[in-house]
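First the structure, in the form of structure tokens, and then the observations on it.
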Amino acid sequence: MPIPYEASGRVEQKSRTRRALVEAARGLLAEGATPRVEDAAIRAAISRTTAYRYFANQRALLLAAQPQIQPDTLLGPDAPVEPRARLDAFMGEFTRYNLQWEPQLRSALRLSLEDPGAERPLLRRGRAIGWIEDALSPLADVDRRALAIAIRSAAGIESLIWLIDVAGQTRPEAAETVRRTASALLEAALAK
Numbered sequence: 001m002p003i004p005y006e007a008s009g010r011v012e013q014k015s016r017t018r019r020a021l022v023e024a025a026r027g028l029l030a031e032g033a034t035p036r037v038e039d040a041a042i043r044a045a046i047s048r049t050t051a052y053r054y055f056a057n058q059r060a061l062l063l064a065a066q067p068q069i070q071p072d073t074l075l076g077p078d079a080p081v082e083p084r085a086r087l088d089a090f091m092g093e094f095t096r097y098n099l100q101w102e103p104q105l106r107s108a109l110r111l112s113l114e115d116p117g118a119e120r121p122l123l124r125r126g127r128a129i130g131w132i133e134d135a136l137s138p139l140a141d142v143d144r145r146a147l148a149i150a151i152r153s154a155a156g157i158e159s160l161i162w163l164i165d166v167a168g169q170t171r172p173e174a175a176e177t178v179r180r181t182a183s184a185l186l187e188a189a190l191a192k
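Mapping of the sequence shown onto full-length UniProt numbering: residues 1 to 192, in sequence order.
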């Protein structure tokens, strides 16, 4: 079995080179670009040939450039307990999170749509449903999982992209739309 390129020879130098390429890709993503391997190489001042030793293609680079943030919750320890206030606080944090990581989330969405059978990017693994369930934890007599899925379907990055790119809303308007939608879904669940 052959030894992977990065595991042989000057391992520390190779680790720094890989990090430089990933950081370059993250910088390009933050600027709204969808970087190719050669774009990251140029930004990192690394030869194209060397860059391809680390990342065989754009997909591999973009997967590596996804943020490694996976908190258990987006709510702090002082989050409200009352369900409506708690969901509202969560939606504010969730929308801020989505807008902060928008370029990376758009990239992850694109990757998941291009090849649905391939490894899913870190940002496409469904952890937001758990965050929403956590926000809904004070609720009793409600199917929290079903409600969390409904809220996620109407409040994730896909909804924000549609509201911004298609409906022409500003980011603050889109944030308010998804907040109101989540609130309406909660009210409907409570009314049953």
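Glycine residues also receive a C-beta, built at the ideal position from the N, C-alpha and C atoms. Here the structure is a predicted model, which means the values were calculated and not measured.
In whole angstroms, what separates the C-alpha of Leu83 from that of Leu63? In the sequence as presented, Leu is not what sits at residue 83; that position holds Pro. Each residue's Cα considered, the two are about 36 Å apart.
Quick check: what's the CA-CA separation for Leu87 versus Ala155? Their backbone Cα atoms lie some 12 Å apart in a straight line.
Look at the alpha carbon of Glu173 and the alpha carbon of Gln104, and state the distance between them as a whole number of angstroms. Put simply, the backbone Cα of Glu173 is about 21 Å away from that of Gln104.
Which one of Ile157, Ala148, Gly27, Ile164 has the shortest CA to CA distance from Ala184? Checked all of Ile157, Ala148, Gly27, Ile164; the closest Cα to Ala184 is Ala148.
Helix, strand or coil: which one does DSSP assign to Arg10? DSSP places Arg10 in the coil class of the three-state scheme, outside both helix and strand.
Do you know how far the Cα of Ser107 is from the Cα of Ala135? Distance between the alpha carbons of Ala135 and Ser107 is about 27 Å.
Kindly confirm or deny that the segment 71 to 82 and the segment 43 to 56 touch, where touching means at least three C-beta pairs closer than 8 Å. No: the two stretches stay apart, fewer than three of their Cβ pairs being nearer than 8 Å.
Ala65 and Val37 look like a contact to me (Cβ under 8 Å); what is the Cβ gap, rounded to whole Å? Not a contact, Cβ separation roughly 11 Å.
Secondary structure of Trp101, DSSP reduced to three states: Trp101 carries a coil assignment under DSSP once its states are collapsed to helix, strand and coil.
Would you mind sorting Arg43 into buried or exposed? The rule is 16 or more other CB atoms within 10 Å of its CB. When all chains shown are included, Arg43 counts as buried.
Trp131 classed as buried or exposed, judged by whether at least 16 other C-beta atoms fall within 10 angstroms: Flag for Trp131 reads buried.
Cβ-Cβ distance between Thr75 and Phe94 below 7 Å: For the record, residue 75 in the displayed sequence is Leu; it is not Thr. Against a cut-off of 7 Å, the Cβ pair of Phe94 and Leu75 comes out as no contact.
Test item: CB-CB of Ala188 and Val142 under 7 Å: Contact: no.
Apply the 10 Å Cβ neighbour rule to Thr170 and answer buried if 16 or more other Cβ atoms are within range, or exposed otherwise. Counting the other Cβ atoms within 10 Å of the Cβ of Thr170 gives fewer than 16, which makes it exposed.
Can you give me the C-alpha to C-alpha distance between Ser153 and Val11, rounded to a whole angstrom? Roughly 43 Å between the two C-alpha positions.
How is Phe55 classed by DSSP in three states: helix, strand or coil? Reduced to three states, the DSSP call for Phe55 is coil.
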